[in-house]
Amino acid sequence: MNIQADLTPPLPEGRWALFLDIDGTLLEHAAHPDAVLVSEELRVLLQTIERRLDGALAFITGRSIAAVDHLFAPLKLRIAGLYGLEHRLVPDGPIEAADEPADMAALADEIELELASQAVYVERKGPVLAIHTRAAPQLLARATELVEAALERLPKGYRVIAGNAGVELMPLEAAKGAAIRRFMQLDPFTGRRPVFLGDDTSDENGFETVNAAGGISIRVKPQGETAARFAIEDVASAIAWLEANFVEPAAQASSRNLVA
Numbered sequence: 472m473n474i475q476a477d478l479t480p481p482l483p484e485g486r487w488a489l490f491l492d493i494d495g496t497l498l499e500h501a502a503h504p505d506a507v508l509v510s511e512e513l514r515v516l517l518q519t520i521e522r523r524l525d526g527a528l529a530f531i532t533g534r535s536i537a538a539v540d541h542l543f544a545p546l547k548l549r550i551a552g553l554y555g556l557e558h559r560l561v562p563d564g565p566i567e568a569a570d571e572p573a574d575m576a577a578l579a580d581e582i583e584l585e586l587a588s589q590a591v592y593v594e595r596k597g598p599v600l601a602i603h604t605r606a607a608p609q610l611l612a613r614a615t616e617l618v619e620a621a622l623e624r625l626p627k628g629y630r631v632i633a634g635n636a637g638v639e640l641m642p643l644e645a646a647k648g649a650a651i652r653r654f655m656q657l658d659p660f661t662g663r664r665p666v667f668l669g670d671d672t673s674d675e676n677g678f679e680t681v682n683a684a685g686g687i688s689i690r691v692k693p694q695g696e697t698a699a700r701f702a703i704e705d706v707a708s709a710i711a712w713l714e715a716n717f718v719e720p721a722a723q724a725s726s727r728n729l730v731a
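Below, the structure is given as C-alpha cells:
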C-alpha cells in the first residue's frame with residue numbers, strides 16, 4: 472500500500488477525466504442495495520461536474536445500468552455497469568447489455584433456496600451473481616463457500632471477488648480497469664488524465680489501471696492493502712473532495728480529507 476497523506480496542489484491544472492464507483496463511494500452502503508437514497512444535492516453535483524469536465528465523467532459500478540438509472544433518475548451519465556460487462560458510452564445512447572446465462576440462473580436459484588430466508592440478499596445481475604451479507608455477516612463464510620464450490624461446475628472464465636460485506640461471482644472479463652481503458656479511448660475522455668474513486672476489492676483493478684496511466688487513484692475508507700495512491704476517510708469526505716476539486720472556482724480546495 473502506497474497511500475500519501477495529501478495532494479498538494481489538490482489537483483494540478485490540467486484536463487481530467489473522472490470515474491466514480493457508487494456504493495461505498497458516493498452512497499453509504501445499506502443492508503439491501505435498493506435501500507440507498509440519492510439526494511438532489513448529489514444529482515446536482517454530478518451534473519455540475521459533468522458540465523465542468525465537458526462530459527468526461529462516468530460511473531464505473533457493479534450495479535446494472537438499469538438499476539443506476541432508476542436510482543439517479545432523471546440524471547443519466549456515461550456508465551460501465553456490471554464491472555464493465557454493460558456500457559452506455561454517451562448519456563442518451565444505447566445500452567450494451569449483458570444477459571443472465573442459464574447456468575448462472577440455476578446457481579442463483581440454489582443459493583437463494585439456502586440463504587435468502589436468512590437475511591441474505593442474492594442479487595442477480597445478468598452474468599454477475601452478488602450475495603449481500605451485510606444484514607447477516609455470520610453467513611459471509613458460507614456464501615463464499617457456495618460460490619467458490621460453483622467454480623468447479625461452471626464453464627471456465629469465472630472468478631470470485633470477496634467484498635466488504637458480501638461476495639460476487641463474475642466472468643473474468645468483468646474488470647473495472649478494462650472499462651476505464653475503454654472510456655479513455657473515446658471522446659471526451661481521450662487526452663485527459665484519469666481520476667478514479669472507489670471503496671472495495673473490485674475497485675483495485677481500476678486503481679491499477681489509473682496508476683499506470685499516470686492518473687490519481689483514491690480509495691474511500693481503505694481496509695488492508697490497496698493499489699490506490701490516496702485515501703479518503705468516508706463517503707461524506709469523498710463528496711466534499713469532489714465538490715472542492717471539480718466545482719469550486721480555480722480548484723483552490725483543501726485536501727484535508729485525504730488521509731494516510
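In the numbering used here, the protein residues as written are 472 to 731. Even glycine gets a Cβ: it sits at the ideal position worked out from N, Cα and C. Note that the coordinates shown come from a computational prediction; the quantities given were computed from them, not determined experimentally.
Bounding residues of the beta strand (DSSP E) (the contiguous stretch that carries residue i)
i: Ala551; result: Arg549 to Gly552
i: Ala529; result: Leu528 to Ile531
i: Glu557; result: Glu557 to Arg559
i: Lys596; result: Tyr592 to Lys596
i: Ala620; result: Ala620 -> not in any beta strand (DSSP E); alpha helix (DSSP H) instead, spanning Leu611 to Ala621.
i: Gly637; result: Gly637 to Pro642
i: Leu508; result: Element bounds for Leu508: n/a, residue is neither H nor E.
Rounded separation between residue i and residue j - CA only
i: Ala577; j: Pro642; result: 16 Å
i: Ile493; j: Val718; result: 19 Å
i: Asp658; j: Glu581; result: 43 Å
i: Glu623; j: Ile703; result: 38 Å
i: Val691; j: Asp705; result: 6 Å
i: Leu546; j: Pro608; result: 33 Å
i: Ala721; j: Ala551; result: At Ala721 the pLDDT is 42, less than 50, meaning the model places this residue with poor confidence and gives no usable figure here.
i: Gln694; j: Thr661; result: 32 Å
i: Gly495; j: Asp670; result: 6 Å
i: Asn635; j: Arg486; result: 33 Å
i: Ala711; j: Ala506; result: 23 Å
i: Glu732; j: Ala620; result: Since the first residue shown for the chain is 472 and the last is 731, residue 732 is missing from the structure and cannot be characterised.
i: Glu557; j: Ala569; result: 6 Å
i: Val539; j: Leu528; result: 15 Å
i: His541; j: Pro572; result: 24 Å
8 Å Cβ shell around residue i - same chain, five flanking residues per side excluded
i: Ala587; result: Val593
i: Gly628; result: Pro642, Leu643 and Glu644
i: Ala707; result: none
Residue closest to residue i, alpha-carbon to alpha-carbon, out of the options
i: Arg663; options: Gly526, His603 and Phe678; result: Gly526
i: Pro562; options: Val618, Ala537, Glu644 and Asp674; result: Ala537
i: Arg700; options: His503, Ala502 and Asn676; result: Asn676
i: Leu553; options: Val631, Gly597 and Asn635; result: Gly597
i: Asp674; options: Thr519, Phe530 and Asp540; result: Phe530
i: His574; options: Leu542, Thr532, Gln589 and Leu625; result: Here residue 574 is Asp; the residue named in the question, His, does not match the sequence. If we check each option's Cα against that of Asp574, Leu625 comes out closest.
i: Arg605; options: His503, Thr697, Val539 and Leu498; result: His503
i: Ala612; options: Ala621, Leu600, Arg595 and Val638; result: Val638
i: Leu508; options: Leu498, Ala614 and Glu679; result: Leu498
i: Arg559; options: Thr532, Glu679, Pro481 and Glu585; result: Thr532
i: Glu484; options: Thr519, Leu524 and Glu512; result: Leu524
Close-in-space but distant-in-sequence residues of the same chain around residue i (CB under 7 Å, 5 per side omitted)
i: Pro665; result: Ala488, Phe490, Ile651, Met655, Val681, Ala684 and Gly686
i: Gly555; result: Ala645, Ala646, Lys647, Ala649 and Ala650
i: Ala579; result: Val593, Arg595 and Leu600
i: Leu668; result: Leu491, Asp492, Thr496, Ile689, Val691 and Ala709
i: Phe543; result: Val509 and Arg514
i: Ile566; result: Ile536, Glu557 and Arg559
N- and C-terminal bounds of the alpha helix (DSSP H) containing residue i
i: Phe717; result: Val706 to Phe717
i: Phe654; result: Lys647 to Met655
i: Phe678; result: Glu675 to Ala683
i: Leu491; result: Here Leu491 belongs to no alpha helix (DSSP H); instead the beta strand (DSSP E) covers Trp487 to Leu491.
i: Val539; result: Ile536 to Phe543
i: Arg514; result: Glu511 to Arg523
Contacting residues, own chain, Cβ-Cβ under 6 Å from residue i (five flanking each side not counted)
i: Ala590; result: Ala606 and Ala607
i: Val631; result: Val618, Glu619 and Leu640
i: Ala614; result: Ile602, Thr604 and Val638
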